[in-house]
Structure formats: C-alpha cells, structure tokens
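Chemist: Residue numbers (our numbering), protein chains in the order written: chain A, 1 to 203; chain B, 1 to 203; chain C, 1 to 203; chain D, 1 to 203.
Here a beta-carbon is modelled for each residue, glycine too, at the ideal position from N, C-alpha and C.
Please find one structure pasted underneath; my questions will follow.
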DNA sequence: CGGTAATCGAGACGGTACGTCATGTCTTACA
DNA sequence: TGTAAGACATGACGTACCGTCTCGATTACCG
C-alpha cells in the first residue's frame, strides 16, 4: 500500500487537520439533524469555520462529503466479530449493537439520499458500497462461514440469501420506519432466518 | 360511500382530465428514465404540454406528483392474491410478478427519494405508506392468514417479522442493487423464510 | 353620434349596470390607493363582487379599465370655462380647481403608468389623450382665444407654448413631487407665464 | 475625500468590472429600445453574458438597475454650465443639448416607469431625484443666480417657479408626446418664460 | 309560454416573469 | 501549496399575474 511507504515531504503549506475534522464534524451534525437535502454547503462551511473552497478541494460533491462524515460518525464499538460459540450468538452479537446505534440518530434520511445518488452515479455507488455496506456484510459472512466450519450449517447453505434476509429486514424497518428496530425484533429476525417461519412461533 | 351520492353540480370551469393524465404520464416517463432529482418541474410541464402553475395547483410538491405518477404507472396485473392451495405457491404468485415489474424499469432511484422525503415530511410519509407500501404488504398478510387457517402454520407465528423478511430482502436488493432480483432469488427468499437457513440448502 | 340614434333593441340579457359601476368604483379605489402595478385584476374583480371575465368583456386591458375608472373619478366641479373678464382670472378659475382635486388623491402614480403605456401602445395613447389630456387643454385654449378676441393678447401669440408652460409646470410638480401644488404656486405659474420671469418678482 | 485614502486591500474575489459594465450597457440598450416593462431580467442577463444572480447581487430591483443604466447612458457632453454673457444664451446652451439627446432615443417610456416607481417607493424616489433630476435642475439654478448677480434679473425673482416652467414644459412634451421638442420649441419656452406670453409674439 | 341569445359568477388554464436559493468554480490576498 | 473570503455561472425553485377559456345559471326578448 502506498500509505505504508514513507511519504515524500510535501511542498507548500500542509493540509490543515483541524479544518478536516471540523468539516466532518459539522457535516455529520447537520446531516443527522435535518437531512442532506435541507443542509447547504455554505451552511456546513460556516458551521465548520471554513471556506467552501476548502471543502470542495478535498471532497468532490456534497454526497461524498456526507458519506465520509457518516463513515466517521457511524462507528460501532465492536471491532471484530466475536466468537460466542454459536451462530445465533454470533449474529446477535453483531446485529444488536448495529440496531442500538441506528436507534440513536436518524440515519435513515441520509441513507435514502445515498441510495438515490448511488443509482445515478456509479462512482458514488462504488464508494458507498465499499465504505458503508460491504464491511458490515462481510463481517456477517465471516460468521456464517465459521458456523459452516463448526458444522452448525451444511456447506451448501445459500449465505447470500441469508444475508439479504437478515440485513434486508433490518434495513426495511430502518428505511420505511413502519415499526421500531427493538432488540426483540433483531432476535426474531435471526431466529426466523435460521429456522424459518414454521419453526419459530410468536411469544 | 359518499361518492355514490349525486355530486352537487360543480361551479366554474371543470378540471381538465386531459391535462391531469398527460401530467401524470409525462412525470412517470421522465421519473423512471432519469430519477426525481434530475427532472425539473418545468420539464414535466413542457412534456405534458401544460403550464407549471397547473401542476402546482393540484400537487403541492414534486414528490407528491411523483408518488401519484408512480401509483398509476406501477399497477400490477394481479387483482386478488390468488389461492394456489399452499402458502409457498401463494407467496410465489404474489412476489414473482412484483419482481418482474421491478426489473423492467429503474424504480429504485425514485423510491430512494420517497424514503428520504418520508423521513422529513410526515404528510408525505402517510401518503407514501398508504399508497405504495401498505397495499402490497396487506395482500401478503392475507396470504399468511389463509395459511394459518389451513393449518400450514401455527396460529402463533409472527407474521410481521415474516413480512419484513420477505419484503426486506427484496427491497434490499432493489435499493442497494448488489445483485439482481431473479425469479430464482424470489424462490430462495420464500423458501428460506418458511424453513430457515438450516433447512434450505443451496442448489 | 351613433349613441344618439335610438338603439335597436338588443337581444339576450342586457349588460348589468350595477356590475359596471361597482367595477369602476373598485378599480378607482384600489388604483388611487396602491397604484396600478400593485393591484391585480383578480383583486379588482373580488372587490367589485364580479367575475374577472365580466371585466375583460368590457375592457380589453388593465390599463384601459384604469383609464376609464380615473375618468369617472377625476371629474372637476366646473363644467364650462367661466368668463371672469380677464385672462388671468379665467386661467386661475380653470387651474385652481384642478390643483385642488389633484391634491386630494395620489393621481400621479397612475398617470405615470398611463404615460409609459401610451408610449408603447398607440391605441391606448389615443384613448388617453382623448379622455384625460385634450379636454382640459382645449378648455384652456378657449380661454386664450377669448383673451385674444378681447385684445388682451396680440393675435400672433404662441398659444401652444403657453399651454405647455402652464400645464407643464403643474404636471411637473405632480409627477416629480419635488414640491406641493399650492394655490400660490398656481398663481405664480399663471403670472410668470403671462408676464415673464423679469416682470414678476417674488413676494 | 475618503476615496483618496489608500483602500484597505479587499478580501475575497473582487467584483468583476467587466460584468458590471456589460450589465449596464445591455440594460440601457434594451430599455431604450423596448421600455422597462417589456424587458425581462433574464433577457438582460443573457444579453450581458452574465448570471441573473449577479445582477440581483448588486441591484435590488429592475428599476434601480434601469436608473443606473440610464445614468451612465444619459451623459451630456457639457460639463459646466457655460457663461455666454446673457441669461437667455446660458439657458439655450443648457437646454438645447438636453433636447437633442432626448430626441435621439425614447427616454420617455423609461422615465414614466421611474415616476410611477418613485411614487410608491421612497428609497427609489430619493435615488431618482438625486441622480437624474436634481443635477440638471441645479445647473439651471446656477445660471439664474449668475443672471441675478449680473443685474439681468431682480434679486426677488422666483427661481423655483421659473425652473418648473422651463423643465415642466420640456418634460410635458417629452412625456405626453403631443408635439416634438424642436430647437425652436426650446427657444420659445425660454423666451416666454423670460418675457411672458404677452411679450413674445409668434413668428 | 317556451325558445334563443347574450350576460354573469366561478374558477381552471397556458404563458411568462419574478426574485430566491444552492451547487460547484474561480479569483484574489494572505499564511 | 493551502486557506478564507466571496464573486460568479448555471439552473431549478415555487409564486404571482395576465388574459383566455369553459362550465352552469340567469335574464331578457321574441315568436
């Protein structure tokens, strides 16, 4: 990786780390309060105490800035998918913290904008998937593969569909907001995904 | 129904049905081609051969017009959820046409905008859920209740979670676009939702 | 005059005299309060308790309506130019009532619009001159010709220039509003026009 | 003068002088061709090769822009009121160039709009009087005071009324357009103002 | 007395300009 | 070279007004 190599000393004034942080912080704050569409770049610049040109020097569009801002804001406490000994335990350990973070702030508004943007701008789509979508999905995939290794699941199980069921159900409530994403709901989703509707009765 | 009562004769020039239809048609056409954000009201007005003021007289915002346009465009051929004799058959009969329609045109772009708007405007949220979300969800719920009546599922089954699994998975692929919504995928989602990951092996 | 001939009995519903009067009254009232540009036809129609179509049936444009409205509002008490025995007396008898009327209400705002409109619309220009400008100018001309007959002025006097001096000075203050049109000012204008600046000292 | 002091270096991108000039030029050109009411801001912007927002940044309303445009367009060659030795000569030297300029282009249309606007907007009224009306009036006043100093006129002469007679007559023909403002007319107006109708016979 | 014809109130409509706002670029001077 | 300040082009926004139109209801006369 280029980053690992010792950087050649840059010419001219170095980038202001203070500016970078205050931009990301101001952007995240405003975005999660009023949504991407209701916040202007001038406003973000003013809140960050920064010139608009400085923002555009480092982020090409408003959406890319928003993506970066959300990436640094939306950090879950867990680092590695913990090995609890069972697939069910691993999934709950993975998804419950996600649900808790998602409950604290209105992420859905911004994510809707991301989805829209991703469907009309391939560059943004790549960036969005690489930073916000795939990492979480891959950690869940690891958990499934570990379970297969344990013999909890047959090798032929369709992991992709299982992942879409799990994250699909969670995102569905997040985006459409027709019901809250309680810890109980996370448990129900995991159980029904693992054992099916027929095998998991209510209450 | 109040509508069945003879309408009192309207005063003034009646609303132009021709204008209404050409507006909705032009809006749907442009929306599904380029997405809500890339289409201007001036453009819709011009394509519809109509004044912009006429549009704003009947639809308060661009989003409400888009919702109405999509509502009339996105009509599935099926009228009643067909009774195929089994829950699995009923669900496939319901979801496969949905998947086919969704594949024909880029609905995802517009739905992303709807979700964003719904999270910042309660009036729009109600309208969106009432017209595009709930009707389909309720038809699927009917199918589940029929299965309980048949004894295919125990009475205590958590239908809400099952619905979120089914539609969640489909919407997930629709919105994030990480994989295509093939008929095979619909089958897999139905099977895994009914019998669980453990009970449904790949291939 | 065609109007003097006995009208052939009209077919259909006759024109509503009540509507005509309330339109002119409402128009005059609003015009003199806020000026032509700040009053809309919808507003006039509403104030008059009348449909907008009814207005446009009888007056082609907003300006023509305004002209008519002002014509009926701006009626001076005097009918014929009185013969006071001297040119000075006749002119004062003519111009002082004009000045008094003009002081009561803000005619200038509307007249400015008339002038602008007249310079871009020949039809309106004719109408404006025939109804609001020429009648007053011709009455003053009569007074001058009477004075020539009396021998007060030589026959070769340039009446047109004299009229422009008199009405020009009055309209100048009316339109530019840099000073009030007092009775004293009217007297000064008449005296200086008759005897010149050199022959009329201040105070 | 404050302007003579060295300006503190301005922050940010400096105002484009080129844009300012092309705006004023385009506005003057269009205004004098078709009148204020028939020219749109979009059109001015397009002709000037400039954004509409740039215009609104520097001029609050269309009328203020028009006033500025006319101010720079309507510049008379004479700088100081020339001293010809007699009041009559001075006035002719002052008014004949004015008449010539006024004949070349249709100023009347725009001035009518200014008058209307001035009667409903005090801020504009001040601006209008300060820039287009008073300067010319004050130069004529200087001429009159010089004549009093020479002993051509008695000290008690009412200069204000004389100015209203002179400019009133000229503006009257300009605005109402009932006759042309020939050089001969200017002479007649000056002579009748100085010596009165009785003292100046036609031809 | 019933038909014919013009008027009226109500209000929808096409067209056009308005003045505002936001994005992203550019141009200065300063650090 | 990076940054603050802020002017700029572009283009959509939603509003307002003008003058036209299309209805049903009204009010005269004419046969």
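I want to see whether chain D comes within less than 9 Å of residue 72 of chain C, judged by CB atoms only; does it?
Modeler: In the third chain, counting from the first residue as 1, residue 72 of chain C sits at position 72. For residue 72 of chain C, the answer is no, since every Cβ of chain D falls outside 9 Å of its Cβ.
Chemist: For residue 148 of chain D, return the contacting residues in chain C, with the cut-off set at a CB-CB distance below 7 Å.
Modeler: The residue labelled residue 148 of chain D in the question sits at position 148 within the fourth chain. Ordered by position in chain C, no residue passes the 7 Å Cβ test against residue 148 of chain D, which lies about 11 Å from the chain.
Chemist: With 7 Å as the limit, tell me which residues of the stretch 51-63 of chain A have their beta carbon closer than that to any beta carbon of chain B; keep them in chain order.
Modeler: Against chain B - using a Cβ distance shorter than 7 Å - the stretch 51-63 of chain A contributes no residues.
Chemist: Output yes if chain A places a C-beta closer than 9 Å to the C-beta of residue 160 of chain B; else output no.
Modeler: The count along the second chain starts at 1 and reaches residue 160 of chain B at position 160. For residue 160 of chain B, the answer is yes, since a Cβ of chain A falls inside 9 Å of its Cβ.
Chemist: For residue 175 of chain B versus residue 110 of chain B, is the C-beta distance shorter than 9 Å?
Modeler: Along the second chain, one-based indexing puts residue 175 of chain B at 175. Along the second chain, one-based indexing puts residue 110 of chain B at 110. No, these two residues do not count as a Cβ contact at 9 Å.
Chemist: What separation, rounded to the nearest whole angstrom, lies between the Cα atoms of residue 4 of chain D and residue 123 of chain A?
Modeler: As a first step, residue 4 of chain D must be located in the fourth chain, where it is residue number 4. As a first step, residue 123 of chain A must be located in the first chain, where it is residue number 123. Caution applies to residue 4 of chain D, whose pLDDT of 48 falls short of 50 and renders its modelled position unreliable; the model cannot decide the point.
Chemist: Could you compute how far the alpha carbon of residue 2 of chain A sits from the alpha carbon of residue 35 of chain A?
Modeler: Within the first chain, the letter at position 2 stands for residue 2 of chain A. Within the first chain, the letter at position 35 stands for residue 35 of chain A. Note that residue 2 of chain A scores a pLDDT of 43, beneath 50, so its modelled location is shaky; the value from the coordinates is reported in the next line. Between residue 2 of chain A and residue 35 of chain A, the C-alpha separation is close to 35 Å.
Chemist: What residues in the stretch 106-119 of chain C bring their beta carbon closer than 9 Å to a beta carbon of chain D?
Modeler: Cβ contacts with chain D come from 106, 108, 109, 110, 111, 112, 113, 114, 115, 116, 117, 118, 119.
Chemist: Rounded to whole angstroms, how far is the Cβ of residue 168 of chain D from the Cβ of residue 107 of chain C, which I believe are closer than 8 Å?
Modeler: Counted from its first residue, the fourth chain places residue 168 of chain D at position 168. Counted from its first residue, the third chain places residue 107 of chain C at position 107. Incorrect: roughly 16 Å between the Cβ atoms, too far for contact.
Chemist: Quick one: does residue 195 of chain A have its CB under 9 Å from some CB of chain B?
Modeler: Here residue 195 of chain A corresponds to residue number 195 of the first chain, with the count starting at 1. By this cut-off, residue 195 of chain A is an interface position.
Chemist: When the Cα atoms are used, what is the spatial distance from residue 81 of chain B to residue 173 of chain A?
Modeler: Here residue 81 of chain B refers to the residue found at position 81 when the second chain is read from its first residue. Here residue 173 of chain A refers to the residue found at position 173 when the first chain is read from its first residue. So the alpha carbons of these two residues sit roughly 24 Å apart.
Chemist: Is the shortest distance between the beta-carbon of residue 36 of chain C and the beta-carbons of chain D less than 9 Å?
Modeler: Position 36 of the third chain, counting from 1, holds the residue named residue 36 of chain C. Output row for residue 36 of chain C: interface = yes.
Chemist: Using a threshold of 9 Å, state whether the C-beta atoms of residue 65 of chain C and residue 24 of chain C are closer than that.
Modeler: Numbered from its first residue, the third chain carries residue 65 of chain C at position 65. Numbered from its first residue, the third chain carries residue 24 of chain C at position 24. Yes, these two residues count as a Cβ contact at 9 Å.
Chemist: What are the boundary residues of the alpha helix (DSSP H) that residue 154 of chain A is part of?
Modeler: Along the first chain, read from residue 1 onward, the residue named residue 154 of chain A stands at position 154. Element bounds for residue 154 of chain A: n/a, residue is neither H nor E.
Chemist: Would you verify that the beta carbon of residue 198 of chain A is, or is not, closer than 9 Å to some beta carbon of chain B?
Modeler: The residue given as residue 198 of chain A occupies position 198 in the first chain. Taking Cβ atoms only, chain B reaches closer than 9 Å to residue 198 of chain A, which makes this a yes.
Chemist: Where does residue 39 of chain C sit, in a helix, a strand or coil, going by DSSP?
Modeler: To locate residue 39 of chain C, count along the third chain from 1; it is residue 39. Coil.
Chemist: Assign residue 18 of chain D to buried or exposed, taking buried as 16 or more other Cβ atoms, counted over all protein chains shown, within 10 Å of its Cβ.
Modeler: In the fourth chain, counting from the first residue as 1, residue 18 of chain D sits at position 18. Label assigned to residue 18 of chain D: exposed.
Chemist: Would you tell me roughly how many angstroms separate the C-alpha atoms of residue 46 of chain C and residue 68 of chain C, rounded to the nearest one?
Modeler: Along the third chain, one-based indexing puts residue 46 of chain C at 46. Along the third chain, one-based indexing puts residue 68 of chain C at 68. Going by the C-alpha atoms only, they are around 18 Å apart.
Chemist: Any heavy atom of the ligand NAD closer than 8 Å to the beta-carbon of residue 189 of chain C?
Modeler: Ligands are entirely absent from the displayed structure, and the ligand NAD is therefore not among its contents.
Chemist: Measure from the C-beta of residue 65 of chain B to each C-beta in chain A and report whether the shortest distance is under 9 Å.
Modeler: Numbered from its first residue, the second chain carries residue 65 of chain B at position 65. So no, residue 65 of chain B is outside the interface.
Chemist: Please confirm whether residue 169 of chain C has its beta-carbon closer than 9 Å to some beta-carbon of chain D.
Modeler: As a first step, residue 169 of chain C must be located in the third chain, where it is residue number 169. Closer than 9 Å: yes.
Chemist: Along the alpha helix (DSSP H) that carries residue 130 of chain D, what are the first and last residues, could you check?
Modeler: Position 130 of the fourth chain, counting from 1, holds the residue named residue 130 of chain D. Run containing residue 130 of chain D: none; DSSP gives neither H nor E here.
Chemist: Closest to residue 114 of chain C by CA distance: which of D/199, D/37, D/196, D/27 is it?
Modeler: Walking along the third chain from the start, residue 114 of chain C turns up at place 114. The candidate whose alpha carbon is nearest that of residue 114 of chain C is D/37.
Chemist: Output needed in chain order: residues of the stretch 173-186 of chain C with a Cβ under 8 Å from some Cβ in chain D.
Modeler: Cβ contacts with chain D: 173, 175, 176, 177, 178, 179, 185.
Chemist: If you run the structure through DSSP and keep just helix, strand and coil, what is residue 106 of chain D?
Modeler: Taking the first residue of the fourth chain as 1, we reach residue 106 of chain D at position 106. Looking at residue 106 of chain D - three-state DSSP - the assignment turns out to be coil, as it is neither helix nor strand.
Chemist: Rounded to whole angstroms, what is the Cα-Cα separation between residue 202 of chain A and residue 39 of chain B?
Modeler: One-based indexing of the first chain puts residue 202 of chain A at position 202. One-based indexing of the second chain puts residue 39 of chain B at position 39. Annotation note: pLDDT 45 at residue 202 of chain A (below 50); position unreliable, no value reported.
Chemist: State yes or no: is the beta carbon of residue 188 of chain C nearer than 9 Å to at least one beta carbon in chain D?
Modeler: Counting from one through the third chain, the residue named residue 188 of chain C turns up at place 188. It does: the Cβ of residue 188 of chain C has a partner Cβ on chain D nearer than 9 Å.
Chemist: Is DSSP giving residue 112 of chain D helix, strand or coil here?
Modeler: On the fourth chain, residue 112 of chain D is found 112 positions in, with the first residue counted as 1. If DSSP states are grouped into helix, strand and coil, residue 112 of chain D belongs with the helices.
Chemist: Flag residue 1 of chain D as yes if its beta-carbon sits less than 9 Å from any beta-carbon of chain C, otherwise no.
Modeler: As a first step, residue 1 of chain D must be located in the fourth chain, where it is residue number 1. Since pLDDT at residue 1 of chain D reaches only 42, below the 50 mark, its modelled position is unreliable, and no value is offered.
Chemist: Kindly confirm or deny that the stretch 130-138 of chain D and the stretch 124-138 of chain C touch, where touching means at least three C-beta pairs closer than 8 Å.
Modeler: Too few Cβ pairs lie closer than 8 Å, so no.
Chemist: Can you check which of these residues, B/13, B/10, B/14, B/55, is closest to residue 26 of chain B by C-alpha distance?
Modeler: Here residue 26 of chain B refers to the residue found at position 26 of the second chain. The residue with the shortest Cα to Cα distance from residue 26 of chain B is B/55.
Chemist: Between which two residues does the alpha helix (DSSP H) carrying residue 191 of chain D extend?
Modeler: Taking the first residue of the fourth chain as position 1, residue 191 of chain D is located at position 191. Element bounds for residue 191 of chain D: 183-199.
Chemist: Only counting the same chain, and skipping five residues up and downstream in sequence, which positions put a Cβ closer than 7 Å to that of residue 52 of chain C?
Modeler: Your numbering for residue 52 of chain C matches position 52 in the third chain. Once the five neighbours on either side are set aside, the close Cβ partners of residue 52 of chain C are 41, 42, 45.
Chemist: Report the three-state DSSP secondary structure of residue 2 of chain D (helix, strand or coil).
Modeler: In the fourth chain, the residue the question calls residue 2 of chain D occupies position 2. Summary for residue 2 of chain D: the model assigns pLDDT 45, below 50, so the residue's position carries little reliability; its value from the coordinates is reported in the next sentence. In the structure shown, residue 2 of chain D sits in a helix (DSSP, three-state: H, G or I).
Chemist: What did DSSP end up calling residue 176 of chain D once you bin it into helix, strand or coil?
Modeler: Position 176 of the fourth chain, counted from the first residue, corresponds to residue 176 of chain D. Correct three-state label for residue 176 of chain D: helix.
Chemist: Find out if the Cβ-Cβ distance for the pair residue 194 of chain B, residue 196 of chain A is shorter than 9 Å.
Modeler: The residue given as residue 194 of chain B occupies position 194 in the second chain. The residue given as residue 196 of chain A occupies position 196 in the first chain. For residue 194 of chain B and residue 196 of chain A, yes; Cβs fall inside 9 Å.
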